[in-house]
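Below is one structure, written out as structure tokens, with a few remarks after it.
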Amino acid sequence: MGINVYIEKQGAPELPYSLVFWPNYRFPISPKRLFLSEIMEAYEEPFFCIVDNIEEADFVAVPHEYFFVETQFPRYLSQVFELAKSVRKKVLLFDYTDWVDRTAKLPEHAILFRVSVYRHHKKENEIVMPYFVEDIGDRYKILPREKGEKPIVGYCGQAQFGSKTKKFRAVLKRLLSSFLLLLRWDKNPSVHTRGIFWRSKALRVLRGSSFACNFVERPFYSMHQNGVTVAPSQLRHEYVENLRESDLALCVRGDSNTSQRFYETLSSTRIPLFVDTDCVLPLEEIISYDRVILRVPSRSVKVLEELVRKWWNQETVESFKEKGEDGLSIYKKYLRLDSFFKVVFDRKNSPYKKILF
Numbered sequence: 001m002g003i004n005v006y007i008e009k010q011g012a013p014e015l016p017y018s019l020v021f022w023p024n025y026r027f028p029i030s031p032k033r034l035f036l037s038e039i040m041e042a043y044e045e046p047f048f049c050i051v052d053n054i055e056e057a058d059f060v061a062v063p064h065e066y067f068f069v070e071t072q073f074p075r076y077l078s079q080v081f082e083l084a085k086s087v088r089k090k091v092l093l094f095d096y097t098d099w100v101d102r103t104a105k106l107p108e109h110a111i112l113f114r115v116s117v118y119r120h121h122k123k124e125n126e127i128v129m130p131y132f133v134e135d136i137g138d139r140y141k142i143l144p145r146e147k148g149e150k151p152i153v154g155y156c157g158q159a160q161f162g163s164k165t166k167k168f169r170a171v172l173k174r175l176l177s178s179f180l181l182l183l184r185w186d187k188n189p190s191v192h193t194r195g196i197f198w199r200s201k202a203l204r205v206l207r208g209s210s211f212a213c214n215f216v217e218r219p220f221y222s223m224h225q226n227g228v229t230v231a232p233s234q235l236r237h238e239y240v241e242n243l244r245e246s247d248l249a250l251c252v253r254g255d256s257n258t259s260q261r262f263y264e265t266l267s268s269t270r271i272p273l274f275v276d277t278d279c280v281l282p283l284e285e286i287i288s289y290d291r292v293i294l295r296v297p298s299r300s301v302k303v304l305e306e307l308v309r310k311w312w313n314q315e316t317v318e319s320f321k322e323k324g325e326d327g328l329s330i331y332k333k334y335l336r337l338d339s340f341f342k343v344v345f346d347r348k349n350s351p352y353k354k355i356l357f
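Take 1 as the starting number for the sequence shown in full-length UniProt numbering and just add one per residue.
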């Protein structure tokens with residue numbers, strides 16, 4: 001790819017590096033972040049080449065989570081913006097956090113890569129990138145499914161609050177958040193609702209349907225050790241087998257406005273049943289996502305059964321299998337992070353060349 005970046009060391013913050021720079025620095029990953037070390041091992045080659053001379057750089061980069069730097073080290077951020085402007089270079093910023101409701105304060109010569117955003121809030125110089133996820137289909141040898149008489153809809157993950165107290169707090173926070181969004185005249189306040197509420201609603205509708213439901217509901221987030229009450233090996237086994245034995249996998253936002261399961265589903269030749277909460281998908285300018293997913297607008301969750309049934313009845317044995325295989329191809333060609341950055345920084349064909357170059 002050959003993209004050179006300069007990182008300003010003077011006044012640099014003592015913050016963890018962004019995962020995007022893990023192939024460069026090989027910093028230790030906390031064992032509390034379950035499965036992440038195995039995921040990152042697939043990325044041996046750095047996405048960017050770090051140079052010592054700013055004149056040799058294509059871009060100036062900040063290798064930490066943007067919102068952490070903005071909050072804790074705003075002076076350093078201003079320093080980087082001024083330096084880049086003085087040499088007529090653009091600044092690359094990265095944010096892998098769940099802070100989707102935070103608005104980035106970006107000068108014109110800065111580009112922020114973030115894992116999620118609301119479509120009605122997205123700025124021109126924000127680019128949505130995929131999550132780092134395990135290539136589950138390849139690692140666990142998941143083969144394409146044959147279309148049966150009725151669809152099997154799968155889900156495995158957090159869909160329970162764990163206690164009445166936690167649910168009460170979540171509901172109270174949701175009501176307060178909705179009120180504040182209304183005061184700000186937000187164009188689409190309902191989509192800001194946390195993912196657990198959307199998941200619960202979708203699962204409830206699907207349970208009342210005539211479809212086969214393959215659900216594993218948990219009261220905890222299974223990618224972090226905090227609160228996990230099951231051995232990691234069992235967690236992964238249940239998750240993988242849930243994908244293997246399902247035709248469609250329910251994919252709903254988490255605390256950020258995106259779904260890691262979405263990418264894992266594509267990697268497994270399964271069809272994402274994607275609840276769209278005003279999401280922006282990576283490289284959607286050039287990827288025909290609706291060929292390989294079943295997208296359901298969040299306002300239509302109540303008629304989920306009808307939408308799934310209509311979609312299923314339209315698919316032939318051949319077209320169903322083809323969609324799964326095409327989804328895998330899209331994942332490998334565009335949504336692995338190494339593939340993603342190659343497309344994004346292609347000077348000739350990048351859909352973002354006007355803001356990058």
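A virtual CB, placed ideally from N, CA and C, is assigned to each residue, including glycine.
Point to revise | Per-residue DSSP class, three states only, for Tyr43 | key: coil
Review point. On the premise that Gly324 lies in contact with Arg145, defined as a C-beta separation below 8 Å, what is that separation, rounded to the nearest angstrom?
Key: 7 Å
Review point. Below 7 Å between beta carbons: does that hold for Ala110 and Val91?
Key: yes
Check your understanding: When burial is assigned at 16 or more other CB atoms within 10 Å of the CB, is residue 417 buried or exposed?
Key -> With the chain covering only 1 through 357, there is no way to say anything about residue 417.
**Study point:** Gly195 burial status per 10 Å Cβ neighbour count (16 or more: buried)
**Key:** buried
Practice item. Identify every run of the beta strand (DSSP E) within the stretch 110-160, keeping only runs that are complete inside it and at least 3 residues long; order them along the chain. Key: 110-114, 126-128, 152-158
Check your understanding: So, using beta-carbon positions, are Lys201 and Val303 closer together than 7 Å?
Key -> no
Check your understanding: Could you give the C-beta distance for Val308 and Leu273, rounded to a whole number, given that I count them as a contact under 8 Å?
Key -> 7 Å
Practice item. Measuring alpha carbon to alpha carbon, tell me which of Glu134, Asp135, Asp101 ends up nearest Arg119. Key: Asp101
Review point. Which residues does DSSP pair with Tyr17 in a beta bridge?
Key: His64
**Study point:** Thr269 classed as buried or exposed, judged by whether at least 16 other C-beta atoms fall within 10 angstroms
**Key:** buried
Check your understanding: Residues in its own chain within less than 8 Å of Glu315 by CB, not counting five upstream and five downstream?
Key -> Lys147, Lys323
Review point. Excluding sequence positions up to five away, which residues of its chain have a Cβ less than 6 Å from the Cβ of Pro107?
Key: Phe81
Review point. Would Asp326 pass as a contact of Val275 if the rule is Cβ separation under 7 Å?
Key: no
Check your understanding: Val133 and Gln260: beta carbons closer than 7 Å?
Key -> yes
Check your understanding: Are there 16 or more other CB atoms within 10 angstroms of the CB of Leu176, so buried, or fewer, so exposed?
Key -> exposed
Practice item. Determine the direct distance from the alpha carbon of Thr165 to that of Ile286, and round the result to whole angstroms. Key: 45 Å
Point to revise | Supposed close pair Phe68, Leu93 - CB separation, criterion 8 Å | key: Wrong, their Cβ atoms sit about 11 Å apart, outside the cutoff.
Review point. Cβ atoms of His192 and Lys32: under 7 Å apart, would you say?
Key: no
Check your understanding: On the three-pair Cβ rule with 8 Å, is the stretch 239-258 touching the stretch 151-164?
Key -> yes
**Study point:** Chain-order list of residues whose beta-carbon lies under 8 Å from that of Gln79 (same chain, five-residue window excluded)
**Key:** Glu8, Gln10, Gly11
Exercise for review: Select from Glu306, Trp311, Lys123, Arg244 the residue whose C-alpha is nearest the C-alpha of Leu143.
Suggested key: Arg244
Exercise for review: Can you tell me the Cβ-Cβ gap for Ala84 and Val5, rounded? I've got them flagged as a contact below 8 Å.
Suggested key: Not really, about 11 Å apart at Cβ, beyond 8 Å.
Point to revise | Extent of the continuous beta strand (DSSP E) run through Leu93 | key: 90-95
Review point. Alpha carbon to alpha carbon, how far is Arg295 from Glu306?
Key: 13 Å
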